[in-house]
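Here's the structure we're looking at; comments come further down.
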Amino acid sequence: MNPYVLMILLSSLGLGTTLTFASSHWLLAWMGLEINTLAIVPLMAQHHHPRAVEATTKYFLTQATAAAMIMFASTTNAWISGEWDMTNMSNPIATTMLIAALALKIGLAPMHYWMPEVLQGLDLLTGLILSTWQKLAPLAIIIQIAPAIDPLLLTTLGLTSTLVGGWGGLNQTQLRKILAYSSIAHMGWMIIILQYAPQLTLLALGTYIFMTSAAFLTLKLSSTTKINTLAMTWSNSPMLATTTTLVLLSLGGLPPLTGFMPKWLILQELTKQDLPLTATVMALAALLSLYFYLRLCYAMTLTISPNTPNSAAPWRTQTTQASLPLSISTTIALGLLPMTPAILMLTN
Numbered sequence: 001m002n003p004y005v006l007m008i009l010l011s012s013l014g015l016g017t018t019l020t021f022a023s024s025h026w027l028l029a030w031m032g033l034e035i036n037t038l039a040i041v042p043l044m045a046q047h048h049h050p051r052a053v054e055a056t057t058k059y060f061l062t063q064a065t066a067a068a069m070i071m072f073a074s075t076t077n078a079w080i081s082g083e084w085d086m087t088n089m090s091n092p093i094a095t096t097m098l099i100a101a102l103a104l105k106i107g108l109a110p111m112h113y114w115m116p117e118v119l120q121g122l123d124l125l126t127g128l129i130l131s132t133w134q135k136l137a138p139l140a141i142i143i144q145i146a147p148a149i150d151p152l153l154l155t156t157l158g159l160t161s162t163l164v165g166g167w168g169g170l171n172q173t174q175l176r177k178i179l180a181y182s183s184i185a186h187m188g189w190m191i192i193i194l195q196y197a198p199q200l201t202l203l204a205l206g207t208y209i210f211m212t213s214a215a216f217l218t219l220k221l222s223s224t225t226k227i228n229t230l231a232m233t234w235s236n237s238p239m240l241a242t243t244t245t246l247v248l249l250s251l252g253g254l255p256p257l258t259g260f261m262p263k264w265l266i267l268q269e270l271t272k273q274d275l276p277l278t279a280t281v282m283a284l285a286a287l288l289s290l291y292f293y294l295r296l297c298y299a300m301t302l303t304i305s306p307n308t309p310n311s312a313a314p315w316r317t318q319t320t321q322a323s324l325p326l327s328i329s330t331t332i333a334l335g336l337l338p339m340t341p342a343i344l345m346l347t348n
């Protein structure tokens, strides 16, 4: 892609998200979401592959549907209350429609069906943008309107997403689909705690972005998209295989890695709110996710590829990819747990 075009598209992505962050008027927030969607569509279809074009079409249709629902709900709310202000959500029907539309935007279960299919059709860097940056604007709106949303609806969305995200990833062999289900599960963790401690939602989002960035950049570096090609990673780069294993375990939420911190604090907060059953279901759903991360770790570190390739041996191949983003995101994804007290002081 032409670097000037790429720069314009990435700037538009940033502009759309910033516009939504800064707005208190529904029309401005909607405009930011639309700029975001229109900016990522050319990035998704840039390879002109039938699979990429199909994924782009599916993404565009779901996002357009969600945008139309947001516009309809905000207009309904303005018609009843006489205000376009985002904090004044007085109509329960409009609020429910809004949360349904925003759940469709970020891929919360049961509106998640587009997410694995779309992510499977994209290249890894565009998939990274879709899994991280594209979640920011809708989540910012959800956080703003959270006090007006029915708590039972938020809890149901959160529980369903963590269960579907864990269950759906069990039988997958494609790494991008596994990361899509991982994204759905992590969104569930963020949504379930939103009504009790919004700062923990932001903490979970931050750690999720760094862990997912480390996972996607590693797969990009090793040009891997399927589980069976993961077995080649150890012979190509033992150090990369080691750090990737730790990043996957961090995504699963194992101590003493960064991923344990948000899960631990969220379960603690749910228990404080006298919701032991919800906390137990969330912890058990995390075990489902942990199983498929362990499956990836096993394929990467404890198996050796059974087939001898006829091509030249890919030992220590030189890469053109910048390693600084990968090293920074990996370091943050592995080593932030000792910083928990400091992070808690900043969030309280």
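Take the sequence shown: its position 140, counting from 1, is numbered 140 in full-length UniProt numbering, and each next residue is one higher.
Here a beta-carbon is modelled for each residue, glycine too, at the ideal position from N, C-alpha and C.
Quick one: what's residue i bridged to in DSSP?
i      : result
Asp85  : His25
Lys226 : Gln174
By DSSP, does residue i sit in helix, in strand, or in coil?
i      : result
Ser199 : In the sequence as displayed, the identity of residue 199 is Gln instead of Ser. If DSSP states are grouped into helix, strand and coil, Gln199 belongs with the helices.
Gln174 : strand
Thr35  : The amino acid occupying residue 35 in the given sequence is Ile; Thr does not appear at that position. Ile35: helix per DSSP, three-state reduction.
Ala215 : helix
Asn91  : coil
Gln46  : coil
Thr132 : coil
Thr258 : coil
Pro151 : helix
Pro116 : helix
Pro110 : coil
Ala185 : helix
Leu275 : coil
Ala231 : coil
Ser323 : coil
Thr57  : helix
Met1   : coil
Gly121 : coil
Looking at C-alpha atoms only, which residue of the options is the closest neighbour of residue i?
i      : options                           : result
Met211 : Ala197, Leu221, Thr229 and Gly252 : Gly252
Ala342 : Met261, Thr301 and Leu294         : Met261
Leu13  : Ala103, Gln144 and Trp133         : Trp133
Thr162 : Leu290, Gly16 and Met339          : Leu290
Gly121 : Tyr298, Leu337, Asn236 and Ala52  : Ala52
Leu108 : Ile35, Thr303, Ile304 and Ser182  : Ser182
Gln321 : Glu34, Leu217 and Ile209          : Leu217
Tyr113 : Met345, Leu159 and Ala180         : Ala180
Leu275 : Asn77, Tyr196, Leu43 and Leu257   : Tyr196
Pro325 : Leu302, Lys226, Ser213 and Thr340 : Ser213
Leu249 : Lys135, Ser235, Tyr293 and Thr156 : Tyr293
For the putative contact between residue i and residue j, defined by C-beta atoms under 8 Å, what is the C-beta separation to the nearest angstrom?
i           : j      : result
Leu202      : Ile193 : Actually they do not touch by this definition, with Cβ atoms about 10 Å apart.
Ser24       : Asp85  : 6 Å
residue 359 : Leu230 : Only positions 1 to 348 of the chain appear in the structure, and residue 359 is not among them; the question remains open.
Ala204      : Phe21  : Their Cβ separation, rounded to whole angstroms, is 18 Å, which puts Ala204 and Phe21 out of contact at 8 Å.
Ala67       : Glu34  : 6 Å
Thr56       : Ala45  : 4 Å
Ala185      : Gly165 : 3 Å
Report yes if the C-beta of residue i is less than 6 Å from at least one heavy atom of the ligand GDP; otherwise report no.
i     : result
Gly16 : This structure lacks the ligand GDP, and indeed carries no ligand of any kind.
Could you confirm whether any beta carbon from chain D is found closer than 7 Å to the beta carbon of residue i?
i      : result
Thr132 : In summary, chain D is missing from the structure at hand, where a single protein chain is found.
Practice task
Check whether the segment 221-235 touches the segment 275-284, counting contact only when three or more Cβ pairs, one atom from each stretch, lie closer than 8 Å.
Solution key: Touching, no, given that fewer than three Cβ pairs across the two stretches are closer than 8 Å.
Problem - Three CB pairs or more closer than 8 Å across the segment 144-152 and the segment 229-241 - result: As far as the Cβ criterion goes, the segment 144-152 does not touch the segment 229-241, which means the pair count is below three.
Handout entry: Any 3 or more C-beta pairs closer than 8 Å across the segment 85-93 and the segment 126-140
Key = Too few Cβ pairs lie closer than 8 Å, so no.
Handout entry: Meets three-Cβ-pair contact criterion under 8 Å: the segment 173-189 and the segment 57-76
Key = The segment 173-189 vs the segment 57-76: no contact.
Handout entry: Inter-stretch contact at 8 Å, needing at least 3 Cβ pairs: the segment 285-301 / the segment 330-339
Key = They do not touch, by the three-pair rule.
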